[in-house]
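Worksheet: the structure to be examined is printed underneath.
Protein chains in written order, with our numbering: chain A, 1070 to 1552; chain D, 79 to 484.
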């Protein structure tokens, strides 16, 4: 329960219609895409302006009550998990596109605008917004900024951090700051650079200026079938070695292909591994690289290659790929999605160790990943009605992450650390490195009120010696699953 | 040298070896400030011990790589010790198939590029070509966020750095990012170090994303006596569905150079499309080297002040008409609204006024009045001060060089 004084301040900030305190209504906000972790907040506010956000933050800061910003809640790492007895600041009502500046190729939006809405707004003018997370139909720009979202096409186009030029930012103390600028090379420290990807722990963005990109003249999409993941991985290496930078290179294994086919019927060949390679740019260049990629695939042992003939076929290929997570429900009662990164060259080793782990645990693992940048999404399949299987699945997922770290990679490529992986941070970063990150956090939020307990490990959450992630009680009991 | 500095010399000699400490001379001055000592630690651990010792004694430390951009930023308030990164040299890791390298901060950009080019079976490089690049080190290029013509396609150090190793003034050794391109674990501390002018930490190691070298290049040139015609042409190149690596406008040479890097066919077809739709002509190979040589080093070659300018691309035309008269030389990236200009010291006020009138900003890089620019937003400046207080509470590192006296 919040004390009455704070509640009145919040009401004054956002009005009656912007304040939610009924427990049933607040359930919507109790978790994000990591549904296994649920915490009920004490109140939810839905501001409509920068000033309202700032006022709500000031009210929380004065009352020393933690607050958590939230977009669409599609995050997969529990980054928007509320704090018990804290306030959730939902930005879903701030969804206006404020300015389209075609001369300078910039669009300014409120944080609740969805990723896809930005591209839709400028597509008729011949432009698009490049980062394209799979959840782009619903995920918001504010959330993208918090997570530094990527997507299949970030191989060529980069991440959110490469496409944000300025932001209006409400500090953890409720001040309004303007970071970056539409004119490049803002003086001083690149605060925006560290805010992007800080998972909402440094403050709240309330307006974001994005760079838009010219739609390429031509796009070519190849679907190639291989008997083994090793052969497909070899093709990836050869494409990169040939000096080609595709817009995207995605890989799926047999299990993932079968699951996707169950729901999308995209006509993927039944094979050990499928590669999707997309090339875009000036027509002559894309056409030439297309021929090279087809040759490389054949030389690497592809059993079949198809080139999408037109937009409809391309869309179908991508629809199946983007449905990969959702389709797991067809082949398994539950699954856990991992988000490790490895150097591309270590693909074969890490896939072998995933296979070994899978058979050692007696659990199936479906592999879907952004092969071009080594971002793996192994999906560990399990059945919660089998006693202990959920726990073993999480243990297996943890060991996959360990092999990613051992290969010189990362514990998260795009889903974020959130509350899910905070305790893995010490496996990747030294105590000194984590201490520096903690000092950066203190520079922005010395009271630790802005989305506390996320992104960085805390002794309270992780204990003296950081250990393996342990499943939440609710998952152990089979009452919830992870997306 | 004072008696006390003789003690400091002995102290640092114990930490890094006597042959790596010397008393400073006029050639070591930072802005107008002549330091007492030059210390060259071998690695990050020695950097940590040097910084802790300096911090504990209240000595100010300025990190120096190749010393090519010591004028960037404001003059330091104090400078007792120059920390030279010359011994922190070499490639830590280069996996060509991953298009990633990890390199120590004191390595020169030139030697890095040479070593990358030597990887058998691969042709790749770090896509940075900063001004005054000869002798510039990785650490310095990152700390100054310096970029050149390739910025149009590949961005600045900010866009290419994927990880960093650094040492804070209290001796804390830290890392952020990693050696994979896609990675969101932990805060992106390296972003704070890019362009920090050495005020937050000493950078010891940087991981970069690399790009393949193109098979072919074609350059389109448009020549004109009218600056506005040049900027108009450049803008329209940016609107075509082509992907130039470089689009640079040079004045008073009166040229726009648009370079296309791709396959043989890809580069030629893009260049031909530009000529067909917008004009200009494709340069023959020998002309490319001649013209590149003619604009190389501009606007740095020649005397006068040099300043970096930035403004909205849409306001470039207006800026050009007022400035092509005032400035002796302009080298601009019209698609980004950035570039560098050279002018006589007495023109400073006129140039500043013109840039401000076009809504832009200006940072003098050479000559009198060099500085880091301004931050108008008080709340943002407060946050920057707070970051400095957290990472360098003793104000040991390059005090006064950043905005607002940070």
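Glycine included, C-beta positions come from ideal geometry on N, C-alpha and C.
{"Query": "What are the residues of the segment 1389-1411 of chain A that lie near chain D, defined by any Cβ-Cβ distance shorter than 8 angstroms?", "Result": "1410 and 1411"}
{"Query": "Anything in chain D within Cβ reach of residue 1506 of chain A, meaning under 9 angstroms, just list it in chain order.", "Result": "252, 254, 264, 265 and 267"}
{"Query": "Does the beta-carbon of residue 480 of chain D have 16 or more other beta-carbons within 10 angstroms, so that it is buried, or is it exposed?", "Result": "buried"}
{"Query": "Output yes if chain D places a C-beta closer than 8 angstroms to the C-beta of residue 1583 of chain A; else output no.", "Result": "Missing from the structure shown is residue 1583 of chain A; chain A here goes from 1070 to 1552 and no further."}
{"Query": "Work out the CA separation of residue 328 of chain D and residue 376 of chain D for me, nearest whole Å.", "Result": "8 angstroms"}
{"Query": "Tell me which same chain residues have a C-beta within less than 6 angstroms of the C-beta of residue 1448 of chain A, skipping the five on either side of it?", "Result": "1397, 1404, 1406 and 1435"}
{"Query": "Grouping DSSP H, G and I as helix and E and B as strand, with all else coil, what is residue 1538 of chain A?", "Result": "At residue 1538 of chain A, the pLDDT of 43 sits below 50, so the modelled position is not reliable and the matter cannot be decided from this model."}
{"Query": "Is DSSP giving residue 259 of chain D helix, strand or coil here?", "Result": "coil"}
{"Query": "Could you confirm whether any beta carbon from chain D is found closer than 8 angstroms to the beta carbon of residue 1452 of chain A?", "Result": "no"}
{"Query": "Counting beta carbon pairs with one atom in the segment 1146-1161 of chain A and one in the segment 1264-1277 of chain A, are three or more of them shorter than 8 angstroms?", "Result": "yes"}
{"Query": "So what's residue 1337 of chain A in DSSP terms, helix, strand or just coil?", "Result": "coil"}
{"Query": "What three-state label does DSSP hand residue 205 of chain D in the structure shown?", "Result": "coil"}
{"Query": "Can you find the residues in the same chain that come closer than 6 angstroms, C-beta to C-beta, to residue 1338 of chain A, ignoring five residues on each side of it along the sequence?", "Result": "1294 and 1373"}
{"Query": "Could you give the C-beta distance for residue 1481 of chain A and residue 1418 of chain A, rounded to a whole number, given that I count them as a contact under 8 angstroms?", "Result": "In fact, because the Cβ distance is near 20 angstroms, the residues do not count as touching under 8 angstroms."}
{"Query": "For residue 456 of chain D, which option in A:1144, A:1181, A:1246 and A:1232 has the closest C-alpha, if you only look at C-alpha atoms?", "Result": "A:1246"}
{"Query": "Once DSSP output is grouped into helix, strand and coil, what is the label at residue 329 of chain D?", "Result": "strand"}
{"Query": "Is there a C-beta anywhere in chain A that falls below 8 angstroms from the one on residue 476 of chain D?", "Result": "no"}
{"Query": "Buried or exposed: which applies to residue 1510 of chain A, given that a residue is buried once 16 or more other Cβ atoms fall within 10 Å of its Cβ?", "Result": "buried"}
{"Query": "Checking the sheet assignment: what are the DSSP bridge partners for residue 346 of chain D?", "Result": "Paired residues: none, contrary to the question."}
{"Query": "Does any residue of chain D have a CB that is nearer than 8 angstroms to the CB of residue 1377 of chain A?", "Result": "no"}
{"Query": "Please confirm whether residue 256 of chain D and residue 241 of chain D have their CB atoms less than 8 angstroms apart.", "Result": "yes"}
{"Query": "Name the one or two DSSP bridge partners that residue 388 of chain D has.", "Result": "D:416 and D:439"}
{"Query": "Suppose you measure from the CA of residue 1533 of chain A to the CA of residue 1356 of chain A; what does that come to, to the nearest Å?", "Result": "Note that residue 1533 of chain A has pLDDT 44, beneath the 50 cutoff, so the model's placement of it is unreliable and the number below is only indicative. Those two C-alpha atoms are separated by around 56 angstroms."}
{"Query": "Consult DSSP for residue 1556 of chain A and reduce its assignment to one of helix, strand or coil.", "Result": "Residue 1556 of chain A is absent from the model: chain A starts at 1070 and stops at 1552."}
{"Query": "Residues of chain A with CB closer than 7 angstroms to the CB of residue 455 of chain D, please, in chain order.", "Result": "1246 and 1247"}
{"Query": "For residue 1506 of chain A and residue 476 of chain D, what's the separation of their Cα atoms in angstroms?", "Result": "21 angstroms"}
{"Query": "Any idea what DSSP makes of residue 1085 of chain A, helix, strand or coil?", "Result": "helix"}
{"Query": "Just to confirm my understanding: we take residue 37 of chain D, look at its own chain, exclude 5 residues before and 5 after, and list those with CB closer than 7 angstroms. What are they?", "Result": "A query on residue 37 of chain D cannot be resolved here, the shown segment of chain D reaching from 79 to 484 and no further."}
{"Query": "Provide the residue(s) that pair with residue 1136 of chain A in DSSP beta bridges, ordered along the chain.", "Result": "A:1156 and A:1519"}
{"Query": "Is residue 173 of chain D close to chain A? Criterion is C-beta to C-beta, closer than 8 angstroms.", "Result": "yes"}
{"Query": "Tell me whether residue 195 of chain D counts as near the ligand FAD, meaning its Cβ is closer than 7 angstroms to at least one heavy atom of that ligand.", "Result": "Among the components modelled here there is no ligand, and therefore nothing to report on the ligand FAD."}
{"Query": "If we ignore side chains and look at the alpha-carbon of each, how far apart do residue 467 of chain D and residue 192 of chain D end up?", "Result": "39 angstroms"}
{"Query": "Run the CB neighbour count on residue 1086 of chain A, radius 10 Å, all protein chains shown included, and call it buried at 16 or more, exposed below.", "Result": "exposed"}
{"Query": "Along chain C, which residues have their Cβ under 7 angstroms away from the Cβ of residue 1266 of chain A?", "Result": "Looking for chain C here will not work: the only protein chains present are A and D."}
{"Query": "Select from A:1256, A:1184, A:1238 and A:1240 the residue whose C-alpha is nearest the C-alpha of residue 1232 of chain A.", "Result": "A:1184"}
{"Query": "Please list the residues of the segment 1281-1305 of chain A that have a C-beta atom closer than 9 angstroms to any C-beta atom in chain D, keeping them in chain order.", "Result": "1283, 1284, 1285, 1286 and 1287"}
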